[in-house]
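Undergrad: In the working numbering, the protein residues as written are 153 to 434.
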Amino acid sequence: MKPNTFTFTKMSGAGNVFLMTDLRSPESQKLWSQFPASTMDRSQLSGLLCQSPLGFNADGLLFVEPCEGSEDFQWDFYNADGSQAEMCGNAARCVARFVHDLGDVGPSMNIRTIAGPVGARIIDDSEVEVQMPPISGTKWDQYVTIDDLKTHYHFVNSGVPHAVVGNDNVILTEEVRFFASRLRNHEDLQPDGANVTFFKPVAAGEIQAVTYERGVENFTQACGTGAVAAAWCHHQRQQGPATVKVGMPGGLLTVNFSGDRPLLAGPAVYLGEIKIHSEFFG
153 MKPNTFTFTK MSGAGNVFLM TDLRSPESQK LWSQFPASTM DRSQLSGLLC QSPLGFNADG
213 LLFVEPCEGS EDFQWDFYNA DGSQAEMCGN AARCVARFVH DLGDVGPSMN IRTIAGPVGA
273 RIIDDSEVEV QMPPISGTKW DQYVTIDDLK THYHFVNSGV PHAVVGNDNV ILTEEVRFFA
333 SRLRNHEDLQ PDGANVTFFK PVAAGEIQAV TYERGVENFT QACGTGAVAA AWCHHQRQQG
393 PATVKVGMPG GLLTVNFSGD RPLLAGPAVY LGEIKIHSEF FG
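Next comes the structure, spelled out in structure tokens:
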């Protein structure tokens, strides 16, 4: 008899919200294979579960899967619009706590992602630190013209590409949202486009930031790679301390640049479990 329901865990990393499920064991794989949604394309499933009117209001969908090699597991990760996500620091923190709490992985682990292996460490009950991909492809002082407005940004790849805009005002308006969507899709950032992160220095080693994320196509409560990209620009240009506190709408993240790879620390909390009925899919 095929199961009528399947459970996803809903978690938040500083307001960045994800649905996830563990498919590492043969038992869980069998249970999933018998559920009607398992035959759907996962990119389509992500859009349905995350952002459709009947969905569950999330920024992404993650399947935790076994992998060969030195990593403890891999993820199959989709943005809310169905595009495949290369890397997300907030999702990495959430999935690290999720897997650790299942009891078969210790407090330190390695996750296989499209952007490469990501190390994670459980700091306490709800605080997790992840070792992000190395910063690459930095291009300082880039200029584009949008609607006759010449705009200045820095290009930084912190696991995914970001156009980082320094701004004394990070208050979100429809005009700012429209501008971000235009810059995110600008021809100079093709073929992949880029997230757009605005940041404002607050003090030495402290900034405020907000990110317009591709795949979500809107501003999110937090973006781990955006926090790293903005902190990198602040750290490099201001020659400030190695540790940068990044205040985002959903909470505080901390980025440390003392090693070869940035370390991103912040909260990873449970929001609940969602038991989805097969009738949801028609």
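The beta-carbon is built from N, C-alpha and C at its ideal position, and this holds for glycine as well.
1. Please state if the CB of glycine 165 and the CB of arginine 245 are separated by a distance shorter than 7 Å.
2. Which complete beta strand (DSSP E) runs does the stretch 248-315 hold, if anything under 3 residues is left out?
3. Just reading off the beta strand (DSSP E) that phenylalanine 449 is part of, what are its end residues?
4. Name the residue from Gln181, Ile359, Gly268 and Glu365 whose alpha carbon lies nearest to the alpha carbon of proline 393.
5. Kindly identify the DSSP beta-bridge partner or partners of histidine 429.
6. Classify valine 342 as helix, strand or coil using the three-state DSSP reduction.
7. Using DSSP with H/G/I as helix, E/B as strand and the rest coil, what is alanine 361?
8. What are the partner residues of aspartate 174, as DSSP defines its beta bridges?
9. Evaluate the contact criterion for the stretch 277-287 versus the stretch 339-350: three or more CB pairs, one atom per stretch, below 8 Å.
10. If you reduce the DSSP assignment to three classes, tell me which class proline 188 lands in.
11. Take proline 218 and list the residues in its own chain whose beta-carbon comes closer than 7 Å to its own, dropping the five residues that flank it on each side.
12. Report yes or no: do the stretch 246-253 and the stretch 191-211 share at least 3 C-beta pairs separated by less than 8 Å?
13. Tell me whether the stretch 325-345 and the stretch 256-272 touch, counting them as touching only if at least three CB pairs, one residue from each stretch, are closer than 8 Å.
14. Output needed for valine 354: all residues of its chain with C-beta closer than 8 Å, excluding positions within five of it in sequence on either side, in chain order.
15. Quick one: what's got a C-beta closer than 6 Å to threonine 406's C-beta in the same chain, skipping five residues either side?
16. Excluding the 5 residues preceding and the 5 following glycine 424 in the sequence, name in chain order all residues of the same chain whose CB lies nearer than 7 Å to its CB.
17. Proline 313 and aspartate 293 look like a contact to me (Cβ under 8 Å); what is the Cβ gap, rounded to whole Å?
18. What is the residue span of the beta strand (DSSP E) that leucine 206 lies within?
19. Assign glutamine 203 to one of two classes, buried (16 or more other C-beta atoms within 10 Å of its C-beta) or exposed (fewer than that).
20. By alpha-carbon positions, which one of Met239, Lys291 and Ile275 ends up nearest to alanine 267?
21. I need the DSSP call for serine 180, collapsed to helix, strand or coil.
22. By Cβ distance, which residues of its chain are closer than 7 Å to glycine 367, with the 5 residues on each side in sequence left out?
23. In the DSSP assignment, what residue or residues form a beta bridge with valine 348?
24. Within its chain, find whatever has a CB closer than 6 Å to the CB of threonine 157; leave out the 5 residues flanking it on each side and keep chain order.
25. Count the other CB atoms, across all protein chains shown, that sit within 10 Å of the CB of asparagine 209; report buried if there are 16 or more and exposed otherwise.
26. Is it buried or exposed for histidine 387, if we count other Cβ within 10 angstroms and need 16 for buried?
TA: In short, the structure shows the following:
1. Looking up residue 245 in the sequence shown gives position 93. Looking up residue 165 in the sequence shown gives position 13. Against a cut-off of 7 Å, the Cβ pair of glycine 165 and arginine 245 comes out as a contact.
2. 260-265, 268-274, 279-283, 288-298 and 301-309
3. Residue coverage of the chain in this structure runs from 153 to 434, which leaves residue 449 outside it and unanswerable.
4. In the sequence shown, counting from the first residue as 1, residue 393 sits at position 241. Nearest C-alpha to proline 393: Ile359.
5. Taking the first residue of the sequence shown as 1, we reach residue 429 at position 277. DSSP output for histidine 429 lists Thr157 as bridge partner(s).
6. Here the question's residue 342 lines up with position 190 in the sequence shown. Correcting the residue type first, residue 342 is glutamine in the shown sequence and not valine. Coil at glutamine 342, not helix or strand.
7. Position 209 of the sequence shown holds residue 361. In this structure, alanine 361 counts as strand in the three-state DSSP scheme.
8. Walking along the sequence shown from the start, residue 174 turns up at place 22. Beta-bridge pairing links aspartate 174 to Val216.
9. no
10. Along the sequence shown, read from residue 1 onward, the residue named residue 188 stands at position 36. DSSP places proline 188 in helix when its eight states are reduced to three.
11. Residue numbering aside, residue 218 sits at position 66 when the sequence shown is read from its first letter. Excluding residues within five positions, the ones whose Cβ falls inside 7 Å are Arg176 and Phe225.
12. no
13. no
14. Along the sequence shown, one-based indexing puts residue 354 at 202. So the qualifying residues of the chain are Gln360 and Gly399.
15. The residue you call residue 406 lines up with position 254 of the sequence shown. Apart from the 5 residues on each side of it in sequence, threonine 406 sits with its Cβ closer than 6 Å to the Cβ of Lys397 and Ala417 in its chain, given in chain order.
16. The residue labelled residue 424 in the question sits at position 272 within the sequence shown. Around glycine 424: Lys162.
17. Along the sequence shown, one-based indexing puts residue 313 at 161. Along the sequence shown, one-based indexing puts residue 293 at 141. No, proline 313 and aspartate 293 are not in contact; Cβ-Cβ is about 16 Å, not under 8 Å.
18. Walking along the sequence shown from the start, residue 206 turns up at place 54. No beta strand (DSSP E) holds leucine 206; DSSP gives it neither H nor E.
19. Here the question's residue 203 lines up with position 51 in the sequence shown. The C-beta of glutamine 203 has 16 or more other C-beta atoms within 10 Å across all chains shown, which makes the residue buried.
20. The residue labelled residue 267 in the question sits at position 115 within the sequence shown. Nearest option by C-alpha distance: Met239.
21. To locate residue 180, count along the sequence shown from 1; it is residue 28. The answer is helix: DSSP assigns serine 180 an H, G or I state.
22. The residue labelled residue 367 in the question sits at position 215 within the sequence shown. Excluding positions up to five away in sequence, the list reads Asn231, Ala232, Asp233, Ser235 and Ala237.
23. On the sequence shown, position 196 is the one that residue 348 refers to. DSSP, once it has assigned bridges, lists Ala315 and Tyr364 as partnering valine 348.
24. Taking the first residue of the sequence shown as 1, we reach residue 157 at position 5. Contacts found: Lys427 and His429.
25. For this step, residue 209 is matched to residue 57 along the sequence shown. Asparagine 209 should be labelled exposed.
26. Locating residue 387 in the sequence shown gives position 235, where the first residue counts as 1. Flag for histidine 387 reads buried.
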